[in-house]
Amino acid sequence: MNLKDLEYFKEIAKERSFTKVAERLGVSQPTVTYAIKRLEEDLGTKLITRDHSHKEIILTQAGKVMEIHTAKIFQELKIARTEINRLDEDVVNLGLPPIIGNAFLHKLFPYFFEQGLMEHINLVNGGSNDLYAMLMKGEIELALLGAAHFISEENLVSELLTQNRFMIVVNEKHHLANKKNISISDLKEEKFVLLNQHYIHLNTFRKFSHHSFFEPEIIYKSNDLNILKGMIREGLGIGFLAEIAIDKSDGLIYIPFNDELQPSFNVFLVRRKNSLKSNQIKKIFKSIHNFFE
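Using my numbering, the letters of the sequence shown correspond one by one to residues 1092 to 1384.
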């Protein structure tokens, strides 16, 4: 079994056409055909069948299994190339979402300097969803992530650092401003301004509201927390934010939920399991762990 044969199979599974694959890869059609035959002989099973009446290629059950594993093989190769290209760098890419950064960075920075680690850390900003995807692709080695659920992935090592509440955010003149707490079911008639799909807030809030059988009216989504707070101050809508995003100086009212079942904003420290920079990563991982103890 060789990588070129696997590459041809990956493309056949995607395009379902020998002609298209041959044209795209700049080889003859028999080259692709023989590659698939070699792969089938090596595995001892048929991977594809041809539906001549519809002129299409169909993956067998074995082919469907092989398609999944082939995609993983090439993803791991891509990650390996990325890590190898960065081997000479004595720097670890640490993903940090703005909300978590604003809450902890002013204390973390002095701690990193004290530990002699700051020169080995490159901060990468982004929403938790984006940073999680970057971790999976090997584009960063370590991240602090917000999640409403536990992070469980075979290629990652994760540790829960803190748990925080989600809260409703209104301005001082809003009719809910005097509430000490609130239920999600009381918000069916409200208009919302929320962080967008790069953060966990949007999907978490939608799931939370769906449990109370309503579709929230989301009038605006943004990746800029300051813009959202400004819109809330102006009374254009209300927000849904993690407790660690609270700033007492922003002139807003934060109301906790009283629902028995409600999501929490969990902060995880996450690293890739088998990175080539594992010693440096483990050192920074342990340092952050000790900081939060």
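Idealized CB from N, CA, C, for every residue including glycine.
Integer Cβ distance of PHE1257 from ALA1333, believed to fall under 8 Å = 6 Å
query = Are the beta-carbon atoms of LEU1196 and ILE1375 separated by less than 9 Å?
reply = At the C-beta level, LEU1196 and ILE1375 stay beyond 9 Å of one another.
ask   = In whole angstroms, what separates the C-alpha of GLU1131 from that of LYS1101?
value = 13 Å
message = Between the alpha carbons of LEU1267 and LEU1343, how many angstroms are there, rounded?
response = A straight-line Cα-Cα distance of about 12 Å links LEU1267 and LEU1343.
inquiry  = Going by the DSSP bridge assignment, what does TYR1345 pair with across the sheet?
reply    = VAL1260
ask   = Does the segment 1288-1298 touch the segment 1306-1315, meaning 3 or more C-beta pairs lie closer than 8 Å?
value = yes
query = Is ILE1191 closer than 9 Å to GLY1237 when the C-beta atoms are compared?
reply = At the C-beta level, GLY1237 and ILE1191 come within 9 Å of one another.
Per-residue burial, LEU1199 [other beta carbons within 10 Å of its own, 16 or more giving buried] = buried
message = So ILE1372 and LEU1233 are supposed to be a Cβ contact under 8 Å. How far apart are they, rounded?
response = Contact annotation, ILE1372 with LEU1233: C-beta distance approximately 6 Å; criterion of less than 8 Å satisfied.
key: DSSP three-state assignment for GLN1206, whether helix, strand or coil   = Assigned with DSSP and collapsed to three states, GLN1206 falls in helix.
request  = Could you check how far apart the C-beta atoms of LEU1364 and VAL1248 are, in whole angstroms? I think they sit under 8 Å.
outcome  = Here residue 1364 is Lys; the residue named in the question, Leu, does not match the sequence. Sure, about 5 Å apart at Cβ, within 8 Å.
task = For the alpha helix (DSSP H) holding ARG1141, just list the boundary residues, first then last.
result = Taken as a continuous stretch (DSSP letters only), ARG1141 belongs to no alpha helix (DSSP H), being part of the beta strand (DSSP E) at 1139-1142.
inquiry  = Check this for me: beta carbons of GLY1330 and PHE1283, under 9 Å apart or not?
reply    = In this structure, PHE1283 lies closer than 9 Å to GLY1330 by Cβ.
key: GLY1326 in three-state terms, based on DSSP   = coil
ask   = Do LEU1138 and MET1092 have their CB atoms nearer than 9 Å?
value = no
query = Can you list, in chain order, the residues of its chain whose CB lies under 6 Å from that of VAL1182, leaving out five sequence neighbours each side?
reply = HIS1211, ASN1213
request  = Out of VAL1260, HIS1380, LEU1286, HIS1289, point me to the one whose CA is closest to LEU1414's CA.
outcome  = Residue 1414 lies beyond the residue range present for the chain, which begins at 1092 and ends at 1384; the question has no answer from this structure.
task = Sort GLU1250, LYS1169, ARG1129 by Cα distance to GLU1230 and report the nearest one.
result = When only C-alpha atoms are compared, the closest one is LYS1169.
ask   = Can you tell me whether GLY1328 is buried or exposed, with buried defined as 16 or more other CB within 10 angstroms of its CB?
value = Classification of GLY1328: buried, given that the 10 Å Cβ count is 16 or more.
ask   = Starting from LYS1298 and walking both ways along the alpha helix (DSSP H), at which residues does that stretch end?
value = 1292-1301
message = Between the alpha carbons of GLU1384 and ALA1153, how many angstroms are there, rounded?
response = 48 Å
message = As a quick exercise: from HIS1301, LEU1187, ASP1350, GLU1106, pick the residue whose alpha carbon is nearest that of PHE1359.
response = LEU1187
request  = With distances taken Cα to Cα, identify the nearest neighbour of GLU1281 among TYR1345, ARG1129, GLY1326, MET1227.
outcome  = GLY1326
inquiry  = Within the continuous beta strand (DSSP E) that includes ILE1309, where are the two ends?
reply    = Unbroken beta strand (DSSP E) run through ILE1309: 1308-1313.
request  = With DSSP as the reference, please indicate the residues paired to LEU1187 in a beta bridge.
outcome  = ASN1216.
query = Would TYR1223 be called buried (16 or more neighbouring beta carbons within 10 Å of its own) or exposed?
reply = buried
ask   = Below 9 Å between beta carbons: does that hold for ASN1381 and ILE1273?
value = no
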